[in-house]
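Only one structure is covered here, and it is reproduced in the block below.
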Ligand SMILES: Nc1nc2c(c(=O)[nH]1)N[C@H]1C(S)=C(S)[C@@H](COP(=O)(O)OP(=O)(O)OC[C@H]3O[C@@H](n4cnc5c(N)ncnc54)[C@H](O)[C@@H]3O)O[C@H]1N2
Ligand code: MOO
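Residue numbers (full-length UniProt numbering): 1 to 437.
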């Protein structure tokens, strides 16, 4: 190990990239093949479990409801007893029980969710009755005005959930509905896939933390780190803040050495292109012995997007997404690679973004590289058969942070060919859904 001992000299830098720009499909396959679902762990059932993926099947161990239960507020009766006056011999409300038995000529006052006493086999709703006798405190006799069939407005034992029924399948993603079902199951602990820990590091001598009051001339606020951390958080992954690192081999090595200790995935921005301070790929290879699985992708934006894998001071595989420094490039490539990879590691079966067909509202000149253009779904035009997409901005430069604003789609545009140099207004193209609609 020679962590960052000497600096690289600019005179030795290559004058053309040694990395073939591979097609997007190939790059995605490499990432998806490399990342596998994490080990599982047992966690208590609580409200923080949304976004976790179940690593076991949840089976019902008790019926739901546990007693015969009324669907209506009314009177539990014997169906064959028919209409007519009935003595109110007992009362149940939700949560209470009774051992009094309903016999012909009697009934039990019940509430929605309350227990049906033995003997009764139907419920007559209060609207279909009249009070005949009372003692100013309690109802004594009611007139049942309608005939009901046996079973009317009664939830039988286990009619919602029966013992042995599958409540939640393995690999199911826990959302609010599933938390409710887990609560009903009575389980206190569940087995889930561990969510990967991702650390976001930004590199660049020009960067100052975004909270700085003043930005010295020539410096810029670090926007990538808050943007990418927010992206991961909004996808349900806690992002660890790895800070800003200056463009020196020593500092990059120190930062990575620490980050590898507690993160499965490193998301680093900057220093992956051809500049004299672009050290990331070399450091990963030479100082950490990592394999660069790809160092460039034939896509726009995000050409120098890099994916490296290896082990560092542990037996566990570490994954590094070294993304281009340009703010739009890092955000788009994180959407395309990091989010699905984290989802796969967290056990998601469907870890890729959903792709839909959208209609364009403008003609677009195609780039040589297949392009992921920022756009949003236009609600005003939802009445059309195909949803309509509007580009966030005409200016889609990778330095133009503002063209990420409001984007919930990435239009997947093909590379330019002689036969097809542009896509026309009204044309239908693929779009990845990347944010709330
Ligand atoms: N000779 C070549 N130059 C460049 C090439 C190339 O193929 N040959 N590729 C270009 C492309 S495409 C991209 S994308 C960029 C990516 O370069 P790097 O990843 O090395 O990024 P940097 O040079 O460090 O930064 C680029 C740009 O982004 C700004 N930046 C960086 N980090 C942040 C941050 N955390 N927050 C806000 N802005 C940031 C930085 O100041 C630069 O302006 O390379 C092209 N060049
Ligand atoms: O590919 Mo770079 O990401 O154009 O800006």
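Cβ atoms here follow ideal geometry from the backbone N, Cα and C, with glycine treated the same way. The model shown is predicted, which means the values in this text are computed figures rather than measured ones.
Taking the alpha-carbon positions, what's the residue 309 to residue 358 distance?
36 Å
What residue does the alpha helix (DSSP H) around residue 439 start on, and which one ends it?
Nothing in the structure corresponds to residue 439, since the chain is present only between 1 and 437.
Following a CB-centred definition, is residue 217 positioned closer than 7 Å to any heavy atom of ligand 2?
no
I'd like the list of long-range same chain contacts for residue 184, defined as Cβ closer than 8 Å, with 5 residues on each side in sequence excluded.
64, 161 and 167
In the DSSP output, which residue or residues are listed as bridge partners for residue 75?
109 and 124
Mind checking whether the beta-carbon of residue 243 lies closer than 7 Å to any heavy atom of ligand 1?
no
Residues near ligand 2, CB to any non-hydrogen atom under 6 Å, in chain order?
300, 301, 302, 303, 324, 326, 329 and 398
First and last residue of the uninterrupted alpha helix (DSSP H) at residue 317
No alpha helix (DSSP H) contains residue 317, which is instead part of the beta strand (DSSP E) from 317 to 323.
Given a threshold of 16 other Cβ atoms within 10 Å of its Cβ, counted over all protein chains shown, does residue 59 qualify as buried or as exposed?
exposed
Distance CB(residue 245)-CB(residue 201) smaller than 8 Å
yes
Three-state secondary structure (DSSP) of residue 33
helix
Should residue 232 be listed as close to ligand 1, given that the test is whether its C-beta is under 7 Å from any heavy atom?
no
Mind checking residue 419: buried by the 16 CB within 10 Å criterion, or exposed?
exposed
Apply the 10 Å Cβ neighbour rule to residue 15 and answer buried if 16 or more other Cβ atoms are within range, or exposed otherwise.
exposed
So what does residue 13 bridge to, in DSSP terms?
Bridge partners of residue 13: none, in fact.
Outcome for residue 423 when other beta-carbon atoms lying within 10 angstroms are tallied against a minimum of 16
buried
In three-state terms, what does DSSP make of residue 256?
helix
Residue 232 lies in the alpha helix (DSSP H); which residues open and close that run?
224 to 234
Can you name the residues that DSSP bridges to residue 306?
322
Per DSSP, residue 70 forms a beta bridge with which residues?
154
Name the DSSP beta bridge partners of residue 376, please?
390
Got a sec: does ligand 1 put a non-hydrogen atom nearer than 7 Å to the Cβ of residue 274?
yes
Based on the DSSP output, what are the partners of residue 294 in its beta bridges?
307
Tell me whether residue 353 is buried or exposed, calling it buried when 16 or more other Cβ atoms sit within 10 Å of its Cβ.
buried
Simplified DSSP assignment, three categories, for residue 194:
coil
Residue from 408, 45, 430 and 118 with nearest C-alpha to residue 234
408
What residue range is occupied by the uninterrupted beta strand (DSSP E) comprising residue 360?
355 to 360
In angstroms with no decimal places, state the Cα-to-Cα distance between residue 1 and residue 221.
Low local confidence applies: a pLDDT of 49 at residue 1 is under 50, so the model's placement there is unreliable, with the coordinate-based value given in what follows. Taking the straight line from one Cα to the other gives about 34 Å.
Helix, strand or coil for residue 344? Go by DSSP, reduced to three states.
helix
I need the boundaries of the beta strand (DSSP E) containing residue 44, first residue and last residue.
40 to 44
How far does the beta strand (DSSP E) with residue 438 in it extend, from its first residue to its last?
This structure gives no information on residue 438, because the portion of the chain shown stretches from 1 to 437.
Kindly give me the distance between the Cβ atoms of residue 438 and residue 338, rounded to whole angstroms, as I take these residues to be in contact under 8 Å.
Outside the displayed span of the chain (1 to 437) sits residue 438, for which this structure offers no information.
Nearer than 7 Å: is that true of the beta carbon of residue 246 relative to any heavy atom of ligand 1?
no
Should residue 118 and residue 105 be called a contact, given that it needs their Cβ atoms to be closer than 8 Å?
no
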